[in-house]
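Working notes for the structure below.
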Amino acid sequence: MDLHELEAIAERELAQRPRLRILHCSATGCQASGALELKRRLESLLAEMGRQTEIDVGAVGCLGLCGRGPIVRIEPSGETFEHVKPDDAAEIIAALDGHACHVARCDQNHPFFTRQLLIVRRHCGLINPDRIEDYIAVGGYRSLYHVIHEMTPTEVIQAITRSGLRGRGGAGYPTGLKWATVAKSPGERKFVICNADEGDPGAFMDRSILESDPHLVLEGMAIAAYAVGAEQGFIYVRGEYPLAIERLQKAIAQARRHGLLGTQIFESGFNFRVDIRVGAGAFVCGEETALIASIEGRRGQPRPRPPYPAESGLWGMPTLINNVETFANVTAIIENGPEWYSRIGTEKSKGTKIFALTGKIRNTGLIEVPMGITLREIVEEMGGGTPDGTPVKAVQTGGPSGGCIPASLFDTPVDYESLAAVGSIMGSGGMVVMDEHTNMVDVARFYMEFCKDESCGKCIPCRVGTVQLFNMLTKLRNRQAHPSDLSRIEELCELMRETSLCGLGQSAPNPVLSTLHYFRHEYEELIGAEGDHGS
Amino acid sequence: MAAKTLTIDGHLVSARPGETLLAAIREAGITVPTLCHLDGLSDVGACRLCLVEIEGQRRLQPACMTMVSEGMVVHTNTPRLQSYRRQIIELLFAERNHVCAVCVASGHCELQRLAGMVGMDHVRYEYLSPNCPVDISHPRFGIDHNRCVLCTRCVRACDEIEGVHTWDVAGRGVNAHVITDLNQPWGASTTCTSCGKCQLACPTGAIFPRGVTVGERPHASERIALIVEARKQRW
Amino acid sequence: MSRLRIATIWLGGCSGCHMSLLDLDEWLIELAARADLVYSPIADAKRFPPNVDLTLIEGAIANDEHLELAHTARRHSKIVVSFGDCAVTGNVTALRNPLGSAQNVLQQVYIEHGDPGGVIPHDPGIVPVLLDKVVPVHQVIPVDYYLPGCPPSAPRIRALLEALIEGREPAADIRFG
Ligand SMILES: Cc1cc2nc3c(=O)[nH]c(=O)nc-3n(C[C@H](O)[C@H](O)[C@H](O)COP(=O)(O)O)c2cc1C
Ligand code: SF4
Ligand code: SF4
Ligand code: SF4
Ligand code: SF4
Ligand code: FES
Ligand code: FES
């Protein structure tokens with residue numbers, strides 16, 4: 002494979018493509034709401050009409066409106082329809098011909114769409130994730146070629162550093178710095194790992210990327226491998242994502258066949274092989290040292306850091322571990338340059354972030370927004386407020402490691418530092434909207450239940466502390482708590498934050514601490530006179 | 012390589028490079044509580060009792076897994092650490108069913124001693140009172156899960172020294188527990204050589220020789236380090 | 029100096045702590061010179077009196093009578109000591125907790141493992157009603173001092189009492205079992 006061949010594939014692909022196209026979302030959300038049956042109906046209808054070569058029915062990835070699926074988009078007009086039922090097939094074809102169509106259209110002038118900035122998701126909904134040709138047709142693998150043939154590994158790392166990209170797995174560690182550390186750490190072999198464990202309840206950004214544009218992630222990983230000097234990569238993906246796994250497998254096979262992964266990529270001396278490792282769905286296996294233990298075939302439990310994986314990771318070798326979305330940002334930075342990227346976002350948080358907007362909100366789904374957008378813009382403009390107009394009370398970001406931000410602070414910009422300053426975190430991208438009817442003690446209790454079930458059990462503060470906290474919150478909920486229990490809760494939160502071994506236990510108190518901070522009265526209201534004494 | 016000089020609780024201490032902070036602290040004659048650490052075994056940093064404050068580091072670090080470095084300034088016994096250690100011991104006592112009065116290890120138990128050391132005279136948390144099994148299927152030893160603190164010393168002793176890895180951990184959170192082989196009764200284990208090293212390593216009354224009664228199980232964990240040393244020196 | 033008023037109560041425990049107290053032998057005579065034992069299983073008072081200076085509580089809270097007596101003792105005592113492991117941790121008395129609720133335990137003891145035709149005793153006002161969970165004393169009333177031990181030895185009891193009688197802070201003395 003060389004650049005000419007790559008471009009030839011792209012040209013052939015575009016030339017072959019019928020002008021009229023019906024693109025339906027084939028990601029998990031829309032498959033669950035009946036996209037496959039719809040596709041069958043469209044195809045059989047077109048066959049009956051004898052128009053199957055004239056009109057292309059294509060599967061594409063997630064368009065972000067997962068709560069309104071199945072979603073269908075027609076070309077060339079670009080009109081997008083929602084809640085499309087199999088019986089609507091004829092109407093969709095009519096719309097393609099410019100006739101009247103009564104299927105509900107998505108309002109693409111709605112802020113939900115117009116406020117988005119698609120970098121990571123730029124191909125989502127436009128290409129068929131099962132076909133490498135589609136990816137190549139939109140410019141895929143050009144960045145990898147460019148990097149291998151025109152940049153040194155150091156230049157690649159410098160570009161990533163200058164872009165200001167930070168890890169999207171939650172902590173926001175500067176990606177360029179991490180790559181540089183791995184590149185400089187001595188080791189016989191080095192590894193690149195893509196963290197696709199995505200365990201936050203309610204989060205499905207990474208799944209959507211893998212299901213919609215798997216090659217984007219593979220290309221990002223290959224560029225990273227070139228930069229840090231690795232020849233082997235792993236994608237650690239949870240077993241609950243069968244469609245993502247299937248598409249990744251296909252994508253890896255296609256890329257190998259085209260000489261875009263494997264040995265002598267683009268006829269250079271660069272080799273890079275990618276294998277998939279399927280996790281069993283433990284939340285803690287998303288923690289990097291637990292994930293590494295799991296790939297090594299051991300029990301998925303964290304170990305104290307340092308040493309960090311960048312110095313001593315998989316089998317003791319320097320290992321680069323990044324999140325799916327982090328890798329998915331790489332090609333755009335190479336394509337458009339780090340300066341372009343660093344102009345997007347805020348001073349310390351560059352680029353975009355994908356959020357899964359859920360909860361008491363009119364427009365749910367996936368949104369990719371520039372860093373620095375305010376919570377108000379997301380919740381009120383893009384999300385359209387609550388479905389029944391009840392005032393919004395708070396949003397929860399960062400899942401079980403994050404916190405609740407009250408509506409009074411909705412002018413907070415979405416970036417790593419600002420969210421941390423109000424007691425939450427960016428996290429991996431879960432964003433749950435709560436209205437006035439939501440009880441914040443229940444919210445805290447929900448996340449604590451999750452943490453107690455997902456604690457790996459290795460260290461005492463997290464293993465036992467989560468259960469004690471959960472029990473105390475339950476007691477509170479049942480109005481059996483004593484006033485002294487509140488300070489007990491706070492004391493235990495501090496213990497877990499300061500002494501737990503890994504991020505799970507250290508951040509498990511966050512939902513409690515943030516709700517205690519902003520909604521303390523809701524805790525106090527639940528303290529009954531009947532309470533146990535406690536001393 | 013040159014020796015490292017560090018300050019521990021205000022005392023200047025010199026340490027060998029590559030030594031753990033715990034070793035340096037002990038050499039300085041200072042006692043830091045430990046539970047999952049056992050001389051002779053690898054470290055896991057699980058119990059969090061040996062956490063210390065290191066100036067310039069945001070997070071507390073486990074002394075057992077932190078390497079000494081030049082100029083380190085370490086505090087091992089601040090009021091904050093004392094309070095955390097007490098809470099950790101309370102959490103352990105509340106987790107399973109410790110009835111010292113009827114325990115084989117009473118008087119020789121590390122957990123019991125730690126309670127005294129950290130000043131834990133009562134447990135403020137609710138006792139979880141789980142219903143834990145006792146396995147006495149092995150002809151020579153028994154395990155009472157009511158007293159296990161999940162330090163994994165048995166797991167490491169069996170794996171690293173005896174080399175058979177009969178023990179491991181199954182389950183998550185408070186449901187985590189040590190198992191033999193693939194969660195079969197210990198007596199049915201095909202890997203166990205009955206060497207007794209897990210019993211030596213166990214800090215509590217969880218693993219015991221059969222036939223002993225209250226207070227009769229001596230504490231002999233230091234023999235693990237002896238065995239390791241003996242092998243190294245080919246005694 | 030006015031004489032101290034001391035009480036001891038015996039809740040869910042084996043009375044071993046009281047036996048250990050009696051082990052103080054002749055020191056008890058010294059104690060008697062300075063204090064009155066105003067309520068105790070080894071004294072004859074029928075009701076817990078008011079204005080007690082110091083109460084030692086042996087045993088865990090296992091039934092409704094324990095609960096009531098603990099509250100009464102707290103109301104009328106300046107200082108309350110959890111006396112022995114059962115009071116401090118629940119200890120042997122709490123061994124039933126893992127088996128589930130009181131009903132569950134009674135069912136197992138009187139029906140499943142009892143004589144054929146066994147019945148669960150039920151005589152409110154005569155047989156105290158079991159609480160669902162046995163809990164240590166400090167979970168139902170505030171406790172001022174803890175003396176763990178099963179039982180605490182006589183010298184340890186003496187050290188604590190001497191300190192409290194002299195108005196000193198007792199030295200930490202932690203030994204379970
Ligand atoms: C309990 C826990 C769960 C985590 N789960 C994930 C996850 O599902 N996906 C992820 O990318 N990072 C997860 N992380 C963060 C990883 O440890 C690691 O920081 C991240 O993969 C680094 O990638 P980044 O620098 O690109 O963010 C988790 C961390 C913790 C403590
Ligand atoms: S903090 Fe929780 S998840 Fe992390 S190592 Fe400790 S027990 Fe395991
Ligand atoms: S293991 Fe130790 S703390 Fe637990 S009951 Fe036995 S002696 Fe007491
Ligand atoms: S007796 Fe020896 S071989 Fe058997 S489980 Fe214990 S340490 Fe392992
Ligand atoms: S059985 Fe003993 S050595 Fe093994 S984990 Fe439990 S307490 Fe530790
Ligand atoms: S799954 Fe179809 S739009 Fe997201
Ligand atoms: S002894 Fe260091 S963490 Fe347990």
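Protein chains in written order, with my numbering: chain D, 2 to 536; chain A, 12 to 246; chain Y, 29 to 205.
Using N, Cα and C, we set each Cβ at its ideal position, and we do this for glycine too.
heavy atom of ligand 6 below 8 Å from residue i C-beta
i	result
Thr365(D)	no
Ile426(D)	no
Ile362(D)	no
Thr359(D)	no
Proximity test, residue i beta-carbon vs ligand 4 heavy atom, cut-off 8 Å
i	result
Ala231(A)	no
Glu1(D)	Any property of residue 1(D) remains undetermined from this structure, which presents chain D solely from 2 to 536.
Lys354(D)	no
Gln195(A)	no
Ala168(A)	yes
Where residue i falls, given that 16 or more other Cβ within 10 Å makes a residue buried
i	result
Gly182(A)	exposed
Ile57(Y)	exposed
Trp197(A)	buried
Trp38(Y)	buried
Pro243(D)	exposed
His518(D)	exposed
Leu193(A)	exposed
Val121(D)	buried
Pro150(A)	exposed
Ser488(D)	exposed
Glu369(D)	buried
Leu15(D)	exposed
Asn323(D)	buried
Trp341(D)	exposed
For residue j and residue i, the rounded distance between their alpha carbons
i	j	result
Arg521(D)	Glu189(D)	54 Å
Val466(D)	Ala357(D)	At residue 466(D) the sequence reads Gly, which differs from the Val that was named. Taking the straight line joining both Cα atoms gives about 29 Å.
Ser34(D)	Ile72(D)	10 Å
Ala283(D)	Pro202(D)	12 Å
Glu93(Y)	Leu102(A)	29 Å
His119(A)	Arg158(A)	13 Å
Gln123(A)	Leu161(A)	15 Å
Ser45(D)	Leu24(D)	15 Å
Gly41(Y)	Val185(A)	29 Å
Leu37(D)	Ser78(D)	23 Å
Gly65(D)	Gly384(D)	12 Å
Glu96(Y)	Glu194(Y)	30 Å
Tyr138(Y)	Gly128(Y)	15 Å
Contact test: residue i Cβ vs ligand 7 heavy atom, cutoff 8 Å
i	result
Leu39(Y)	no
Pro73(A)	yes
Ligand 5 heavy atom lying under 8 Å from the CB of residue i
i	result
Val110(A)	no
Arg158(A)	yes
Ala264(A)	Lying outside 12 to 246, the shown extent of chain A, residue 264(A) is not represented and no answer is given.
Contact test: residue i Cβ vs ligand 2 heavy atom, cutoff 8 Å
i	result
Gly550(D)	Given a span of 2 to 536 for chain D in the structure shown, any question on residue 550(D) remains unanswerable.
beta-carbon residue i near ligand 3 non-hydrogen atom, thresh 8 Å
i	result
Gln250(D)	no
Gln302(D)	no
Residue i CB to nearest heavy atom of ligand 1 below 8 Å
i	result
Cys503(D)	yes
Inside the region 183-248 of chain D only - beta strand (DSSP E) runs reaching at least 3 residues: If one requires a minimum length of 3 residues, the beta strand (DSSP E) runs lying completely within the region 183-248 of chain D are 192-197 and 233-239, in chain order.
Complete alpha helix (DSSP H) runs within the region 132-164 of chain D (minimum length 4 residues, chain order): Counting only runs of 4 or more, we get 133-138, 143-151 and 154-164.
Quick test of the definition: if touching needs 3 or more C-beta pairs under 8 Å, does the region 300-313 of chain D touch the region 195-210 of chain D? Taking 8 Å as the limit for Cβ pairs, the verdict is that the region 195-210 of chain D does not touch the region 300-313 of chain D.
Can you check the region 396-450 of chain D for any beta strand (DSSP E) of at least 3 residues that lies completely inside it and give the ranges in chain order? Runs of the beta strand (DSSP E) inside the region 396-450 of chain D: 404-407 and 431-436.
Okay, do the region 471-486 of chain D and the region 105-119 of chain A touch, 3+ Cβ pairs below 8 Å being the bar? Segments in contact, no.
When the Cβ atoms of the region 55-63 of chain D are set against those of the region 117-132 of chain D, are three or more pairs found closer than 8 Å? As far as the Cβ criterion goes, the region 55-63 of chain D touches the region 117-132 of chain D, which means the pair count is three or higher.
Does the region 104-112 of chain Y come into contact with the region 81-89 of chain Y, if we say contact requires no fewer than three beta-carbon pairs (one atom in each stretch) closer than 8 Å? Taking 8 Å as the limit for Cβ pairs, the verdict is that the region 81-89 of chain Y does touch the region 104-112 of chain Y.
If we count Cβ pairs, one from each stretch, closer than 8 Å, do we get three or more for the region 44-63 of chain Y versus the region 171-184 of chain Y? In short, these stretches touch, since the Cβ pair count reaches three.
Inspect the CB distances between the region 404-415 of chain D and the region 485-502 of chain D and report whether three or more fall short of 8 Å. Not touching, per the Cβ criterion.
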